[in-house]
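See below for the structure under consideration.
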Amino acid sequence: MEFHYDILDLVGLHEPGKEPKVKESAKISLPEKPAKGEKLILGKKKRKFIVHDVEHYSGGKINLVLMEADIEGY
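Note that the sequence shown covers residues 783 to 856 in the numbering used here.
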């Protein structure tokens, strides 16, 4: 299955009234839809991520919102 994903820029995430910005976006193929909180290792550089949210849109489009897991102590 192909998914679109956004990687959040976590700088300033905990400041009141500030929404997280998207640092990077791309598409990826995965065998199945990951669940919120699931850990993923992506790309040639083996970057570690945690699925922050799974957004569903009309037409069956699914967007994954990812956070870099190194920040979260993967």
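We treat Cβ as the ideally placed atom computed from N, Cα and C, and that holds for glycine.
- The stretch 812-827 and the stretch 797-804 do not touch, with fewer than three beta-carbon pairs separated by less than 8 Å.
- C-alpha of LEU846 to C-alpha of LYS828: approximately 18 Å in a straight line.
- Collapsing the DSSP output to three states places ALA851 in a helix.
- Membership of TYR787 in the beta strand (DSSP E) is indicated by the continuous run 784-791.
- Between ILE789 and ILE810, the alpha-carbon positions lie close to 12 Å from each other.
- DSSP lists ASP788 as the beta-bridge partner residues of SER807.
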